[in-house]
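**Q** Structure below; questions to follow.
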Amino acid sequence: MTKEAAYRPVLRNRCVELERSRLLNHILPEFQHGNLLMLTSGPGTGKTFLIHQLLRHRKGKSAYLDLKKLSSDITIFVRQLEYLFAKLWPDVFSDLGSDRTNQSINKLSPKDRVDNLLDQLFISGDQPAVFALDGCDILAERPSWAELVSLLLQRLPSFVSIILASTSPLKFSPLSTFRVQGKMLELTVKELHFDSDEIWQFLSKNIPGLKKEHAQKIEQKVGGWPAGLSLLCCEFREKGEIIFLDSISPENLFDYLQSEVLAGLSQEVMRILCTAALLQPFDYTLLEKFLPVSRERLIEIFSSYSFLLDRMADENDSEGAHFAQLYANFFYGRAEAILGKQAKKKLHKKAASYFQNSGLTDQALVHMIALENWSSAVKLILADHKSWFNKEDYERLLFWADQLPESLLLKHPRLAILQGHAHLYLGNLDEAVKVFSLAHDCARPNSKDWLESGCRLCEVLLLKGRLREGVDLAGKLAERSRFISRYRAEAMMFKAIGLNLLCRFDECDQLWRHISTIANSRFLPLDQTARCYLMAPKVIFYNLERGKFDESEHILDRAISVFHKKDPRKRLGWILLFKGVLKLELHQYSEAVTWFREAVAISSKTNRSVHAGCTAFLSYILAALGHKKEARLWYERAEPLVSRDLTLWAPVLCALVRVHLSEQPEGAVRELKLAWNLACQRNILVPLSLVAYTAFAVHDKVSCGPLAASICSQAADTCRKWNVYHREARILLYLHLLQNEPGKEEKSESFIRAMTLISQKELGFLLTDDKRIDGLALTIQAIKQGIATDYFLELCRVWGGKAYEALVPLFPKSNLDLKEKIAALWAQNCFRSAIPLIEQAIQTVKRKKSVTEFSFMLQQLKAFPPEPLHVRLFGTFSLARGEEKVPDQAWKRLKAKELFKLLCLYPDTSFTHEQLSEIFWPESTTDKARANLWSTVSALRSVIEPELSARTKSSYLQGDSRTYKLQLPADSTIDTILFEEKTHEGFHYKESGDYARALFCFEEAVDLYKSELLPEDLYTAWSAEPRERFGLLFTRVLRGMAAIYFERKDLGECIRLYSKIISLDPWDEASYLVLMQCYVLQGRDLEAIKVFRRCEEILQKELNVAPDQQLRDLLKRILKRRSNIS
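Below, the structure is given as structure tokens:
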């Protein structure tokens, strides 16, 4: 017996049969007398098993006939029908086997014989029975048989139930009648496939000891196809181990298909199906071009065998698509035997030419590779590689490159370079090194391919941390490429990066000067992307160590703008990472987080070699800011990627994240030591500094003061050795605070050195922006100790009134020279609280010149322009004049406060006396309202300008005999105006595609909107319209932010924002819909259902309406999927 013949019984006899209770419970109640059950699905879906189980469970007589087991002689078919009729109704057909009857029947045609049977049954029969016909797909090849089956369906009495099973849809007019009458029950492949519970039951019965997780993997691989699951069980019995999780054995699988599928097909159909498999995806128009067959014939064939190629062109990862592809692969493998070798080769040639001319690269390559036409395949890949790179479809390029013989890479270095690029952008650095090395060795020395492959190899070596190799190769390339400026500059750039990482800073200076000259030259044919590409690394690998922050901002802003429009080298993620590191260095943490988020989003799509660094930095800064939950999520993404690390940054950053996240002090100390040792391995300054910053940040929490001091001391020495002044100063400040008790102002060498560096190098941001230290206290301490007093007094302007107030206790104890400087600072910044101190100084100072200067400063203070007003209308109302907040007790009259709020809401509007009287005193007479207005304005003047004399012109309130208007001095702020400005800026950036800046603006707008407008005036008519307007604008801002996060797939942020929107507008059905979709994408179906129920309850209660159809449809899909899973 052949293997093909033996295989079908193997499946049916060696696997324990599964009781299809799910289907039986559905069928039996509805499958009544006179009904038709139609089973339509491909082979191996358990139709025969189900029929036999159904016949066993249904009481009464039954008969089963498999048409595929009968010969093609129609007489045999008719005799089988007569035999089964006699078996089911022996009383009616008792004389059917007699010689006389047989002689008379044999003279009739097959149709008349079946008619005769049905007549007798209709007249004399009344016993209920079930009649089952399996293998009905063979009727498509036997029209005379189909006519008899159609006759049976038309004339069988109502006490007979019928079951038909077929691999393809049947076309009988009686089927339509059954369907119209509601007597037809249909089951397709979707229902016949096992669900999750049935898969587990079947596998656990047939594979003893199988674990649940293995069953789940099998379900993901095979789906619920019964034949596929049976094949796996048989393989397990043969091999005794679970090796089938990767794939089903093709030999066993195709043997099964050979016996189940191919045996029943005609030669014409097999040729057409093989051709369709070779030309996939399936297309009628395409087949017409390659086959001498009409479209009508093609439609007829594929409608009869639709299960074979159904949904071949569907790219969705569904069982239907996999099932069809299974048959396509089967026929593809049989094509040469059925079509013939020459015919197959001719078809491939014709198809390759057709697809190439049609611009369908993938399909053309399939046929070129099948023909082993390697030269044409290489040319096509080289010609079309840009489309794959533009779509970030690097896997596709690698897929086709892997189909070619490896020897082709030796002949075509350009192909190897493309393959290396794909590996680089996917983060496969080891493969990239291998391929770029091969391309570099094979290319002609000094050629373009030689230079490009060498530059890319330098880049990968640096990413891998093989710094010396990268520097040596870059130097060789720069020397050999002196006449090709772009490649020479690029090689010099990589050499400079490597030298920086090796701390050979002196050698970097001249290199970066050369690179800057080339990148900024107007006489070289470089586009903007090439210029930005050459200059951007200078920010991280030169400028940061030199403290050139302004130049760095300019370089990166220009590069981001250029690469957002055009990014052929996939370097945008790189640049965004640099921007985040720059902001981190400048203590601008919220901006750094935004840039790192943008870098993560971009690098995950375009250049995954830098993705490890992006995710590690984002995780680190979130952990440092205390956002532990989100930091842990990003750490889980970053930790597996450390092998793609950016010169050992990623491993150090991951260790620092563990320091912040550790709940146990011992664990945090252990990870801190590990991070320090990793950073010291390569002596790279950025990781060394980050470890020192982290040690200071956590020293109180984990009680590791001595360890933190040791790390900071060594890190400061390293920074001093390489003249990285801003990091040295920052770490020395930390060391000073670690070595001195809080509150004590002791002199220390580290403090003096740090403050001297800050003043000399103008690094004031280290004091003003670092949230870990009290920069103002350290500044005042430096002034007390006489360290660069001029610089630090000037720095006090950053803190404003808080710093001027801190100088008050210092003023009486200071020497005369320092007193004059402090008084000058107060006078220049209109610190009016200093007036008594300066007057006292005038009385006590004896030197005439000093008295004159103090007197002049006093006059300055008294004659200073009005201080700016700072008004907050969102949430709790507040007013500040300059740095001084106006206390609530100062508002003696409520109407004065309300009038001021109204004027602030409309700062550009002049209100007439009549308008204000109508707003605040609508029921008073004209004279009384005017008197009330006058007294209210007087009370308002006394609050905002208490020093103002009566009948003196106000600096803030512009009024005449007819109108009043707010007059704001320069630098005044009203939060409502700022909110509108930030909102409009945010939407402008969003529409232009600059999501990072859009989020900056939106977040600033959200920070301004503390709460709704003036909640204390909730019931005043004049505040209703602006409150509603700003509320709608705030909701629009939240939607804008949510849309950006949704596009980035940041579902956590989307859920937070849409939950906030719904809390503000509980009738917004569109927000409910998106919130449900976010929960569904996270796999949190129960939360999505809760959202729908909340929406339904609110709409029903408040508006007496049902949720929108889209919401209801989404709920149905969720419930249906959950029911399928359960």
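For the sequence shown, position 259 matches number 765 in the numbering used here, and the numbering has no gaps at all.
Idealized CB from N, CA, C, for every residue including glycine.
Every value quoted in this text rests on a predicted model; they were computed, and no experiment measured them.
By Cβ distance, which residues of its chain are closer than 6 Å to E1255, with the 5 residues on each side in sequence left out?
**A** Numbered from 1 along the sequence shown, position 749 holds the residue referred to as residue 1255. Excluding residues within five positions, none has a Cβ falling inside 6 Å.
**Q** Enumerate in chain order the residues of its own chain whose CB-to-CB distance from P675 is below 6 Å, with the five nearest sequence positions on each side excluded.
**A** Residue numbering aside, residue 675 sits at position 169 when the sequence shown is read from its first letter. The answer, listed in chain order, is T546.
**Q** For M999, which beta-bridge partners are listed by DSSP?
**A** By one-based count along the sequence shown, residue 999 stands at place 493. Answer is none; M999 lacks a bridge partner.
**Q** By alpha-carbon positions, which one of R1019, F1029, L1088 and S1027 ends up nearest to G1053?
**A** Position 547 of the sequence shown, counted from the first residue, corresponds to residue 1053. It is L1088.
**Q** Pull up the DSSP beta-bridge partners for K1391, would you.
**A** The residue given as residue 1391 occupies position 885 in the sequence shown. Note: K1391 sits in a beta bridge opposite A1386.
**Q** Grab the span of the beta strand (DSSP E) containing S568 for me, first residue to last.
**A** Reading the sequence shown from its first residue, position 62 is the one you call residue 568. Run containing S568: K567 to D572, per the beta strand (DSSP E) assignment.
**Q** Using the Cα positions of G1307 and K1277, report the straight-line distance between them to the nearest angstrom.
**A** In the sequence shown, residue 1307 corresponds to position 801, counting from 1. In the sequence shown, residue 1277 corresponds to position 771, counting from 1. Near 19 Å, if we compare the C-alpha coordinates of K1277 and G1307.
**Q** Please list, in chain order, all residues of the same chain as Q1245 whose beta carbon is under 8 Å from its beta carbon, the five residues on each side excluded.
**A** Along the sequence shown, one-based indexing puts residue 1245 at 739. The answer, listed in chain order, is A1215, S1254 and S1256.
**Q** What three-state label does DSSP hand H927 in the structure shown?
**A** Within the sequence shown, residue 927 is the residue found at index 421, counting from 1. The answer is helix: DSSP assigns H927 an H, G or I state.
**Q** Compare the C-alpha of A1226 against each of I1480, V728, C1009 and G960 and name the closest.
**A** Along the sequence shown, one-based indexing puts residue 1226 at 720. The displayed chain sequence assigns Arg, not Ala, to residue 1226. The option with the nearest alpha carbon to R1226 is C1009.
**Q** So, S506 versus V636, is the Cβ gap smaller than 8 Å?
**A** Residue 506 is absent from the structure shown; the chain starts at 507 and stops at 1632.
**Q** Measure the C-alpha to C-alpha separation of H1639 and R962 and round it to an integer number of angstroms.
**A** The structure shown does not extend to residue 1639, since the chain is modelled only from 507 through 1632, so no value can be given for it.
**Q** Identify whether H1490 lies in helix, strand or coil by the three-state DSSP scheme.
**A** Position 984 of the sequence shown holds residue 1490. In the structure shown, H1490 sits in a helix (DSSP, three-state: H, G or I).
**Q** Tell me which same chain residues have a C-beta within less than 7 Å of the C-beta of S1110, skipping the five on either side of it?
**A** Here residue 1110 refers to the residue found at position 604 of the sequence shown. Answer for S1110: H1117, listed in chain order.
**Q** Measuring only the C-alpha atoms, how far is Q559 from E525?
**A** Residue mapping note: residue 559 aligns to position 53 of the sequence shown, counting from 1. Residue mapping note: residue 525 aligns to position 19 of the sequence shown, counting from 1. Straight-line Cα distance between these residues: approximately 7 Å.
**Q** For L1299 versus I1289, is the C-beta distance shorter than 8 Å?
**A** Taking the sequence shown and counting its residues from 1, the one referred to as residue 1299 is at position 793. Taking the sequence shown and counting its residues from 1, the one referred to as residue 1289 is at position 783. Contact: yes.
**Q** What separation, rounded to the nearest whole angstrom, lies between the Cα atoms of E1424 and R1387?
**A** Locating residue 1424 in the sequence shown gives position 918, where the first residue counts as 1. Locating residue 1387 in the sequence shown gives position 881, where the first residue counts as 1. Rounded to whole angstroms, E1424 to R1387 spans 30 Å at the Cα level.
**Q** Measuring straight from C-alpha to C-alpha, what distance separates E1522 and C1410?
**A** In the sequence shown, the residue the question calls residue 1522 occupies position 1016. In the sequence shown, the residue the question calls residue 1410 occupies position 904. Approximately 16 Å, taken between the alpha carbons.
**Q** Could you give the distance in angstroms between the alpha-carbon of T781 and the alpha-carbon of L793?
**A** Counted from its first residue, the sequence shown places residue 781 at position 275. Counted from its first residue, the sequence shown places residue 793 at position 287. Whole-angstrom Cα-Cα distance: 8 Å.
**Q** Under 8 Å between the Cβ atoms of R1114 and G971?
**A** Stepping through the sequence shown from its first residue, residue 1114 is reached at position 608. Stepping through the sequence shown from its first residue, residue 971 is reached at position 465. No; because the gap between Cβ atoms is not below 8 Å, this pair is not in contact.
**Q** Whole angstroms are fine: how far does the CA of I844 sit from the CA of R648?
**A** Position 142 of the sequence shown, counted from the first residue, corresponds to residue 648. Position 338 of the sequence shown, counted from the first residue, corresponds to residue 844. In a straight line, the C-alpha of R648 is about 22 Å away from that of I844.
**Q** Only counting the same chain, and skipping five residues up and downstream in sequence, which positions put a Cβ closer than 7 Å to that of A652?
**A** Translated into the one-based positions of the sequence shown, residue 652 becomes position 146. Cβ within range, chain order: L645.
**Q** Sorted by chain position, which residues of the same chain lie with C-beta nearer than 7 Å to R1143's C-beta, five sequence neighbours on each side aside?
**A** One-based indexing of the sequence shown puts residue 1143 at position 637. For R1143, where only same-chain residues beyond five positions count, the Cβ hits under 7 Å are T1121.
**Q** Roughly how many angstroms lie between the CA atoms of A980 and S959, to the nearest whole one?
**A** Residue numbering aside, residue 980 sits at position 474 when the sequence shown is read from its first letter. Residue numbering aside, residue 959 sits at position 453 when the sequence shown is read from its first letter. Answer to the nearest angstrom: the Cα atoms are 11 Å apart.
**Q** Can you tell me the Cα-Cα spacing of R1634 and W956, whole angstroms?
**A** The chain is shown only over 507 to 1632; residue 1634 falls outside these bounds and no answer can be derived.
**Q** For D752, count neighbouring Cβ atoms within 10 angstroms of its own Cβ and tell me buried if that reaches 16, exposed if not.
**A** On the sequence shown, residue 752 is found 246 positions in, with the first residue counted as 1. Because the pLDDT at D752 is just 45, under 50, the model does not fix this residue reliably, and the value given afterwards should be weighed accordingly. Exposed, because fewer than 16 other Cβ atoms sit within 10 Å of the Cβ of D752.
**Q** Hey, quick one: how far does the beta strand (DSSP E) through I1237 stretch, first residue to last?
**A** Within the sequence shown, numbered from 1, the residue matching residue 1237 stands at position 731. Counting along the chain, I1237 falls outside any beta strand (DSSP E), though it belongs to the alpha helix (DSSP H) covering Y1231 to Q1245.
**Q** Give me, in chain order, the residues of the same chain whose beta-carbon lies closer than 8 Å to that of L888; leave out the 5 immediate sequence neighbours on both sides.
**A** Indexing the sequence shown from 1 puts residue 888 at position 382. Around L888: H918, R920, L921 and L924.
**Q** Identify which residue in R1176, S672 and L1505 has its Cα closest to the Cα of V1165.
**A** Counting from 1 along the sequence shown, the entry for residue 1165 is found at position 659. Taking only the C-alpha atoms, the option nearest V1165 is R1176.
**Q** Would you mind sorting Q862 into buried or exposed? The rule is 16 or more other CB atoms within 10 Å of its CB.
**A** The count along the sequence shown starts at 1 and reaches residue 862 at position 356. So Q862 ends up on the buried side.
**Q** Can you tell me which residues form a DSSP beta bridge with E692?
**A** Within the sequence shown, numbered from 1, the residue matching residue 692 stands at position 186. DSSP lists M544 as partners of E692.
**Q** Could you please give the first and the last residue of the uninterrupted beta strand (DSSP E) stretch that includes Q1464?
**A** Walking along the sequence shown from the start, residue 1464 turns up at place 958. That run of the beta strand (DSSP E) goes L1463 to G1465.
**Q** Once you ignore the five residues that flank V1208 on each side, which residues in its own chain have a CB closer than 7 Å to its CB?
**A** Residue 1208 sits at position 702 when you count from the first residue of the sequence shown. Within the same chain, V1208 has close Cβ partners P1171, A1174 and V1175.
**Q** Which same chain residues, not among the five before or five after F829, have their C-beta less than 6 Å away from its C-beta?
**A** If you number the sequence shown from 1, residue 829 lands on position 323. Caution applies to F829, whose pLDDT of 37 falls short of 50 and renders its modelled position unreliable; the model cannot decide the point.
**Q** Just the Cα atoms here: how many angstroms apart are G865 and A783?
**A** Against the sequence shown, residue 865 aligns to sequence position 359. Against the sequence shown, residue 783 aligns to sequence position 277. So the alpha carbons of these two residues sit roughly 20 Å apart.
**Q** So, helix, strand or coil for S1412, using DSSP?
**A** Stepping through the sequence shown from its first residue, residue 1412 is reached at position 906. Residue identity check: residue 1412 is Tyr in the sequence provided, not Ser. Reduced to three states, the DSSP call for Y1412 is coil.
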